[in-house]
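In our numbering, the protein residues as written are 1065 to 1558.
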């Protein structure tokens, strides 16, 4: 495969830089053919290794300064296609050449950027092993990239940061503790020295850490998380927002190595923040971090103490003026609650349910939203983990002389779940004391609940059609009932 085939299409075009690149490429091609000798010039296509060798020779020649930029661009195009074995053998020579060019062209942004990208590619190609990263030469060249990752020039800084991330993607799983330790020291030094003097530098670093943290080992992640959590206490809105974005990137990445200690510390800090529920971007970040961190923590340790706090915190976001915040809160709370129930019965579920009637009201509504979001996944979980039976016990134990909010919403969750889970409907209908519900539910106060209850029975076609007609929103008396009805109808029809 010719890596320069696309470039050659622009040989006679109107793009000046691409025309220059083609002129230099043609000269490099002629040099390679001359090296081959008369009998081999055109017999075989030029390999990427030959291009690499010729470009490096041209770069090191005395008369290359006028075309150094074009040579470096061509080199960055061919380096990804050169075998790792070649780059490992020539590592020191290539890296030294890149450093020399960078030092002599510090003011040439384009050439400096191409050189550091090439240096990153060569480091990336080295063997992913602890022995490589314990070698002083490797660390010396890597520290050049680290230094440029904090460069004030955006193109240089971003190129260096991107190169470091790519190196980590290859070497992170090779237990290269030295590599991660040097990155952590670099970040902690900037955070310690610049947080009070140069907030811009800290902002740039935190954005970079959002890409790096998912690739680092657990101990380093915990250490850097502790440093980043302090930034949330600085009362700097932009800095707090960028820090939350970094944490969001970590908790959402399946590859990130987050310990129970780290997740607990993150959750505790985020829950203690004063959140502006009407700031859409800030609110959504807090929702995502809180719920995803809780879901990741559950397999590692019990979330018994944190679950009630998370639920109460999430409920406040339903008062936001932004509907997108409501949707995101319902979606992510659904994820967190499912994660907490997946591994087995959760004692805090029952504890939260029966601590106060107001809590029953809140949790019944939350689970109703969760059922509407993903009924086929949520309802079996609620039944298998005993949550639905807990609500059934609440309904049977509660005074029924008025349409109290908690009782009404608990009933709504039960009858909605019965529609999706025939085994649970059979269980409820088999409870003798549940027969007492029928005349009580048939009153006008519970018309929507009675309709759903009736449809959960096996009945005649005529009775089913009558009940189905009663489901339409025109028969509903509140917004949640109408939402429930519309969702049910759409699920059945489509």
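Glycine included, every Cβ here is placed at the ideal spot set by N, Cα and C.
All values derive from a computational prediction rather than experimental measurement.
Cβ shell of residue i (< 8 Å), same chain only, five flanking positions each side left out
i            : result
residue 1124 : 1161
residue 1383 : 1341
residue 1284 : 1244, 1245, 1247 and 1248
residue 1240 : 1192, 1193, 1194, 1196 and 1197
Residue span of the alpha helix (DSSP H) that contains residue i, given as start and end
i            : result
residue 1133 : 1132–1142
residue 1379 : 1370–1380
residue 1112 : 1112–1124
residue 1461 : 1451–1461
residue 1086 : 1080–1100
residue 1160 : 1155–1168
residue 1352 : 1344–1361
residue 1189 : Here residue 1189 belongs to no alpha helix (DSSP H), and DSSP marks it neither H nor E.
residue 1473 : 1469–1484
Rounded straight-line distance, which links the Cα of residue j to that of residue i
i            : j            : result
residue 1204 : residue 1214 : 17 Å
residue 1430 : residue 1198 : 53 Å
residue 1479 : residue 1397 : 21 Å
residue 1094 : residue 1306 : 51 Å
residue 1122 : residue 1111 : 17 Å
residue 1443 : residue 1291 : 41 Å
residue 1208 : residue 1303 : 27 Å
residue 1186 : residue 1097 : 26 Å
residue 1425 : residue 1300 : 37 Å
residue 1324 : residue 1081 : 53 Å
residue 1179 : residue 1163 : 8 Å
residue 1517 : residue 1369 : 35 Å
residue 1308 : residue 1513 : 42 Å
residue 1157 : residue 1077 : 36 Å
residue 1295 : residue 1435 : 37 Å
residue 1227 : residue 1378 : 38 Å
residue 1350 : residue 1154 : 48 Å
residue 1331 : residue 1451 : 25 Å
residue 1171 : residue 1165 : 11 Å
residue 1487 : residue 1335 : 38 Å
7 Å CB neighbourhood of residue i in its chain, flanking five on each side removed
i            : result
residue 1088 : 1131, 1134, 1135 and 1138
residue 1108 : none
residue 1085 : 1071, 1134, 1137 and 1138
residue 1189 : 1148, 1151 and 1152
residue 1402 : 1441, 1442 and 1445
residue 1182 : 1136, 1139, 1140, 1143 and 1162
Same chain only: Cβ atoms within 6 Å of residue i, ignoring 5 sequence neighbours per side
i            : result
residue 1280 : 1244
residue 1498 : 1492
residue 1116 : 1142 and 1146
residue 1272 : 1225
Residue-chain proximity (residue i, chain C), Cβ-Cβ < 7 Å
i            : result
residue 1498 : Included in the structure is just one protein chain, with no chain C present.
Checklist line | Entirely enclosed alpha helix (DSSP H) segments - the stretch 1242–1291, minimum 4 residues | finding: 1263–1276
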